[in-house]
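Residue numbers (my numbering): 654 to 988. Backbone N, C-alpha and C fix where the C-beta goes; we use that ideal spot for every residue, glycine too.
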Ligand code: TRP
């Protein structure tokens with residue numbers, strides 16, 4: 654608890670171009686949750702270097718992501734928006750937690766297995782310990798809830814195990830966090846392979862709508878979206894392409910799938926694709942202009958970066974000092 658509110662922590666990587674899936678599935682929910690919780694929304698740049706990055710691109714994208722958080726409607730006066738690398742407590746706590754995590758536990762992580770298969774030439778220790786850094790992120794702020802995609806649930810489970818293990822030895826140091834998987838739009842699928850999640854790392858640019866795509870590109874991609882040969886607009890598992898289009902439409906308009914199906918009853922797939930494309934373009938346009946406006950205001954963004962990193966460090970260091978004391982590191986000399 655912080656100022657009578659529960660604490661929420663979440664993070665996003667700034668690698669790749671963010672997609673409509675990131676916006677509708679995560680960011681849009683983050684905006685809503687910001688009213689109810691004391692929120693820490695982190696740009697997890699330290700996680701990004703588990704895969705080789707181009708320095709200039711990494712730096713540019715980290716700033717773009719932070720700007721996008723604000724453009725999406727998160728108020729940086731209320732929620733804490735910051736870079737992981739600006740708060741050294743993350744790396745320090747991660748080191749300590751490494752010593753309370755077993756090789757066998759990390760070996761079981763499915764994301765590690767997937768990523769090491771994908772980057773066979775660079776299976777580094779950081780990639781292996783990725784979930785421990787994530788545990789440090791979450792535990793530093795005594796977080797109560799953590800909104801994540803279903804692909805991150807295993808990492809949250811291990812975070813809870815590590816926290817519990819530490820608490821069993823040293824007393825109640827960490828709050829045990831709960832996962833929060835949003836209901837609406839939690840899973841936006843690829844436009845080309847609707848059985849797969851829309852991903853910023855997809856190699857086929859037609860599979861994803863990028864948040865900075867212009868209207869023509871958006872509409873063209875929806876026109877090319879894979880559907881089926883049923884020739885019927887219905888919301889059912891057997892028609893994953895159509896279902897995904899309806900999900901996207903509903904997430905943008907706050908309509909229910911029932912309402913959407915009714916609206917398109919008897920109409921062709923072409924109509925549906927066009928309507929979804931127009932709707933998505935209408936939703937993204939104001940977001941894009943806000944990004945442009947904010948990007949031009951260097952002084953303001955810089956002040957957000959500075960102030961929020963200080964705020965995050967204040968809370969993070971409180972937990973870190975407690976942990977360091979508990980495990981027997983010498984206390985700092987004051988004054
Ligand atoms: N691993 C998360 C992802 O790829 C990002 C992340 C890092 C995160 N630290 C976190 C998410 C802490 C929630 C809480 O999606």
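Exercise for the section: Helix, strand or coil for residue 663, going by three-state DSSP, please let me know. Expected result: Here residue 663 corresponds to residue number 10 of the chain shown, with the count starting at 1. Strand.
Practice task
Kindly list the residues whose CB is nearer than 8 Å to the CB of residue 964, restricted to its own chain and excluding five residues on each side of it in sequence; keep chain order.
Solution key: Residue 964 sits at position 311 when you count from the first residue of the chain shown. Once the five neighbours on either side are set aside, the close Cβ partners of residue 964 are 733, 735.
Problem - Contact between the segment 717 to 734 and the segment 754 to 768 (3+ Cβ pairs under 8 Å) - result: Fewer than three beta-carbon pairs drawn from the segment 717 to 734 and the segment 754 to 768 are found closer than 8 Å, and the two stretches are therefore not classed as touching.
Problem - Near the ligand TRP: residue 669 beta-carbon under 7 Å from a heavy atom - result: If you number the chain shown from 1, residue 669 lands on position 16. Checking every heavy atom of the ligand TRP against the Cβ of residue 669, none is found closer than 7 Å.
Problem - Per-residue DSSP class, three states only, for residue 691 - result: Translated into positions along the chain shown, residue 691 becomes position 38. In the three-state reduction of the DSSP assignment, residue 691 falls in the strand class, which pools E and B.
Practice task
Measure from the alpha carbon of residue 672 to the alpha carbon of each residue in 856, 885, 916, then state which is nearest.
Solution key: The residue you call residue 672 lines up with position 19 of the chain shown. The residue with the shortest Cα to Cα distance from residue 672 is 856.
Exercise for the section: Check whether the Cβ atoms of residue 763 and residue 791 lie closer than 8 Å to each other. Expected result: As a position in the chain shown, residue 763 is number 110, starting the count at 1. As a position in the chain shown, residue 791 is number 138, starting the count at 1. Cβ distance not < 8 Å, so residue 763 and residue 791 don't count as in contact.
Practice task
Could you name the residues that DSSP lists as bridge partners for residue 672?
Solution key: Within the chain shown, residue 672 is the residue found at index 19, counting from 1. Beta-bridge pairing links residue 672 to 863.
Practice task
Compare the beta carbon distance of residue 789 and residue 750 with 8 Å and say whether it is the shorter of the two.
Solution key: Position 136 of the chain shown, counted from the first residue, corresponds to residue 789. Position 97 of the chain shown, counted from the first residue, corresponds to residue 750. In this structure, residue 789 sits near residue 750, with a CB-CB distance shorter than 8 Å.
Exercise for the section: Inspect the beta-carbon positions of residue 895 and residue 881 and report whether they are closer than 8 Å. Expected result: Taking the first residue of the chain shown as position 1, residue 895 is located at position 242. Taking the first residue of the chain shown as position 1, residue 881 is located at position 228. For the 8 Å CB-CB criterion, residue 895 and residue 881 form a contact.
Handout entry: Check: residue 772 C-beta below 7 Å from any heavy atom of the ligand TRP
Key = Within the chain shown, numbered from 1, the residue matching residue 772 stands at position 119. It does not: the Cβ of residue 772 is nowhere closer than 7 Å to a heavy atom of the ligand TRP.
Problem - Candidates 900, 666, 719: closest to residue 704 by CA position - result: Position 51 of the chain shown, counted from the first residue, corresponds to residue 704. In terms of CA proximity to residue 704, 666 leads the group 900, 666, 719.
Handout entry: the ligand TRP heavy atom lying under 7 Å from the CB of residue 895
Key = Here residue 895 corresponds to residue number 242 of the chain shown, with the count starting at 1. Residue 895: no, Cβ never under 7 Å from the ligand TRP.
Problem - Endpoints, the alpha helix (DSSP H) within which residue 895 is located - result: Looking up residue 895 in the chain shown gives position 242. For residue 895, the enclosing alpha helix (DSSP H) has its first and last residue at 893 to 906.
Handout entry: 7 Å Cβ shell around residue 826 - same chain, five flanking residues per side excluded
Key = Position 173 of the chain shown holds residue 826. Closer than 7 Å at the Cβ level, and outside the excluded window around residue 826, lie 819, 820, 975, 976, 979.
Problem - Nearest neighbour of residue 674, chosen from 848, 840, 948, 950 [CA to CA] - result: Sequence index remark: in the chain shown, residue 674 carries index 21 (1-based). For residue 674, the nearest C-alpha among the options comes from 840.
Exercise for the section: Using a threshold of 8 Å, state whether the C-beta atoms of residue 847 and residue 879 are closer than that. Expected result: Working through the chain shown from its first residue, we reach residue 847 at position 194. Working through the chain shown from its first residue, we reach residue 879 at position 226. Yes; because the gap between Cβ atoms is below 8 Å, this pair is in contact.
Problem - Buried versus exposed, by CB contacts within 10 Å (16 or more), residue 787 - result: In the chain shown, residue 787 corresponds to position 134, counting from 1. With 16 or more other Cβ atoms within 10 Å, it is buried.
Handout entry: For residue 968, three-class secondary structure by DSSP
Key = Sequence index remark: in the chain shown, residue 968 carries index 315 (1-based). Here residue 968 sits in helix by DSSP.
Exercise for the section: State the DSSP-derived secondary structure class of residue 844, mapped to helix, strand or coil. Expected result: On the chain shown, residue 844 is found 191 positions in, with the first residue counted as 1. In the structure shown, residue 844 adopts coil according to DSSP, grouped into three states.
Problem - Straight-line gap, residue 865 to residue 912 (C-alpha atoms, nearest Å) - result: As a position in the chain shown, residue 865 is number 212, starting the count at 1. As a position in the chain shown, residue 912 is number 259, starting the count at 1. Going by the C-alpha atoms only, they are around 29 Å apart.
Exercise for the section: Examine the Cβ distances between the segment 706 to 726 and the segment 947 to 959 and report whether three or more of them are shorter than 8 Å. Expected result: The segment 706 to 726 vs the segment 947 to 959: in contact.
Exercise for the section: Under 8 Å by Cβ, that's how I've got residue 757 and residue 702 pegged, so tell me the actual separation to the nearest angstrom. Expected result: As a working mapping, residue 757 is identified with position 104 in the chain shown. As a working mapping, residue 702 is identified with position 49 in the chain shown. Between residue 702 and residue 757 the Cβ distance is about 25 Å, and since that is not below 8 Å, they are no contact.
Problem - Other residues of its chain near residue 829: CB distance less than 6 Å, five sequence neighbours each side excluded - result: In the chain shown, the residue the question calls residue 829 occupies position 176. Within the same chain, residue 829 has close Cβ partners 813, 816.
Problem - C-alpha distance - residue 684 paired with residue 961, whole-angstrom precision - result: Here residue 684 refers to the residue found at position 31 of the chain shown. Here residue 961 refers to the residue found at position 308 of the chain shown. For residue 684 and residue 961, the gap between their C-alpha atoms comes out near 17 Å.
Handout entry: Burial state of residue 657, where buried means 16 or more other Cβ atoms lie within 10 Å
Key = In the chain shown, counting from the first residue as 1, residue 657 sits at position 4. Residue 657 is exposed by the Cβ-count criterion.
Handout entry: Nearest residue (CA-CA) to residue 744, options 717, 919, 785
Key = Taking the first residue of the chain shown as position 1, residue 744 is located at position 91. The shortest C-alpha to C-alpha distance from residue 744 to any of 717, 919, 785 is the one to 785.
Practice task
Say yes only if the C-beta of residue 662 is nearer than 7 Å to one or more non-hydrogen atoms of the ligand ATP, and no if none qualify.
Solution key: This structure lacks the ligand ATP; the ligands present are the ligand TRP.
Problem - Own chain partners of residue 700 with C-beta closer than 8 Å, once the 5 adjacent residues on each side are dropped - result: Here residue 700 is taken as the residue at index 47 of the chain shown, counted from 1. 664, 666, 737, 783, 786, 787, listed in sequence order.
Exercise for the section: Return the CA-CA distance between residue 956 and residue 799, expressed in angstroms with no decimal places. Expected result: The residue given as residue 956 occupies position 303 in the chain shown. The residue given as residue 799 occupies position 146 in the chain shown. Spanning the alpha carbons of residue 956 and residue 799 requires a straight line of approximately 26 Å.
Problem - Three-state class that DSSP yields for residue 799 in the structure shown - result: Here residue 799 corresponds to residue number 146 of the chain shown, with the count starting at 1. Correct three-state label for residue 799: strand.
Handout entry: Spatial neighbours of residue 838 in its chain, beta-carbon cut-off 6 Å, leaving aside the 5 residues before and after
Key = Along the chain shown, one-based indexing puts residue 838 at 185. A caution first: residue 838 carries a pLDDT of 49, below 50, which makes its placement in the model too unreliable to give a value.
Practice task
Helix, strand or coil for residue 699, going by three-state DSSP, please let me know.
Solution key: Counting from one through the chain shown, the residue named residue 699 turns up at place 46. If DSSP states are grouped into helix, strand and coil, residue 699 belongs with the helices.
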